[in-house]
Amino acid sequence: MSVITARVIGSACEGSLSDRACYEVGTSRLTIRSTCCSICFFSLIQYITSRMPLLQSRLEEVNAMAALGELPDMEISDKGGVKVSPLDNCVPVQVSQLPELVYSMLPHPKITEILDEVNSWTTFTRHFSHIKNDITHPDTRLLLTTILANGVNIGLTKSPGSTKSSLEDIQPWYIRDETYSAALAELVNAHG
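At position 100 of the sequence shown (counting the first as 1) the number is 104 in my numbering, and the numbers step up by one without a gap.
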């Protein structure tokens with residue numbers, strides 16, 4: 005085992021540190037000793053040089069195992085390609101069924117139901133008022149379906165649970181740029 009001692013010169017904390025720091029280099033790790041017998045200046049080159057024999061012996065050991073095909077979970081081809089075996093699934097069968105069980109316990113609401121719940125907290129749909137008389141549409145679900153159809157670009161004809169004509173009646177009279185802006189401001193303020 006070799007001992008390498010280093011002194012931190014020019015450190016901002018040099019006055020509060022001990023005069024010597026000593027590193028004991030073992031076969032497998034670098035440990036710090038609190039006391040040292042002598043001071044020698046440590047350089048990276050010296051450290052690497054001192055570790056080269058260990059590195060060389062470990063590389064020779066791996067090469068020998070590779071030549072015999074004894075590397076665990078790994079194959080090296082004649083062309084130099086490396087193939088690592090995938091890890092085994094270590095999750096017990098009982099645990100692997102848990103995500104499906106949890107998912108089956110969760111509610112599966114429609115997106116319009118979620119929008120309706122958000123509206124109950126924020127009342128953002130009150131901003132979608134009629135262009136002539138500022139009265140909101142009496143059927144909030146139909147209004148939310150129209151907003152959703154616009155938002156996801158599915159068009160008014162593909163909205164389930166509503167007729168094309170009812171959605172087309174809402175679109176020009178209740179949904180405009182200024183109503184979208186006011187409703188969006190209401191949602192942002194609710195998070196504020």
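Don't be surprised by glycine CBs; every beta carbon is placed ideally from N, CA and C. The model shown is predicted, which means the values in this text are computed figures rather than measured ones.
Is it true that the CB of residue j sits closer than 7 Å to the CB of residue i?
i	j	result
Thr149	Gln175	no
Leu147	Phe132	yes
Leu171	Leu188	no
Ala153	Ser169	no
Ala68	Ile80	no
Give the straight-line distance between the Cα atoms of residue i and residue j, rounded to the nearest whole angstrom.
i	j	result
Lys83	Glu74	18 Å
Gln60	Ser89	26 Å
Val66	Val106	46 Å
Gly165	Asn193	31 Å
Ile179	Asp138	12 Å
Ile158	Pro103	31 Å
Pro113	Val95	31 Å
Leu72	Leu63	14 Å
Met56	Gly85	26 Å
Ser185	Thr167	26 Å
Ile52	Asn93	39 Å
Ser54	Ser100	49 Å
Ser108	Val156	27 Å
Ile3	Gln98	Because the chain is modelled from 5 through 196, residue 3 falls outside the range shown and cannot be assessed.
Assuming residue i contacts residue j (C-beta within less than 8 Å), just tell me the rounded distance between them.
i	j	result
Thr126	Glu182	No, Thr126 and Glu182 are not in contact; Cβ-Cβ is about 18 Å, not under 8 Å.
Thr116	Arg130	With 8 Å as the limit, Thr116 and Arg130 do not qualify as a contact, their Cβ atoms being about 17 Å apart.
Between the Cα of residue i and those of the options, spot the shortest distance and give me the residue it belongs to.
i	options	result
Pro142	Val122, Pro113 and Trp177	Trp177
His134	Met78, Asp173 and Gln50	Asp173
His195	Gly155, Thr167 and Val122	Val122
Lys87	Gln50, Asn93, Met78 and Thr167	Met78
Ser124	Leu72, Arg145 and Arg55	Arg145
Leu91	Asp120, Val99, Gln101 and Pro76	Pro76
Any heavy atom of the ligand ATP inside 6 Å of the beta-carbon of residue i?
i	result
Ser100	In terms of ligand content, the structure shown is empty, and the ligand ATP therefore cannot be addressed.
> Can you list the alpha helix (DSSP H) stretches of 4 or more residues lying completely in the region 138 to 167, in chain order?
Replying inline: 144 to 155, all fully within the region 138 to 167.
>> To test your reading of the DSSP string, which unbroken beta strand (DSSP E) runs of 3 or more residues are found completely within the region 42 to 119?
In response: The beta strand (DSSP E) runs lying completely inside the region 42 to 119 and spanning 3 residues or more are 78 to 80 and 86 to 88, given in chain order.
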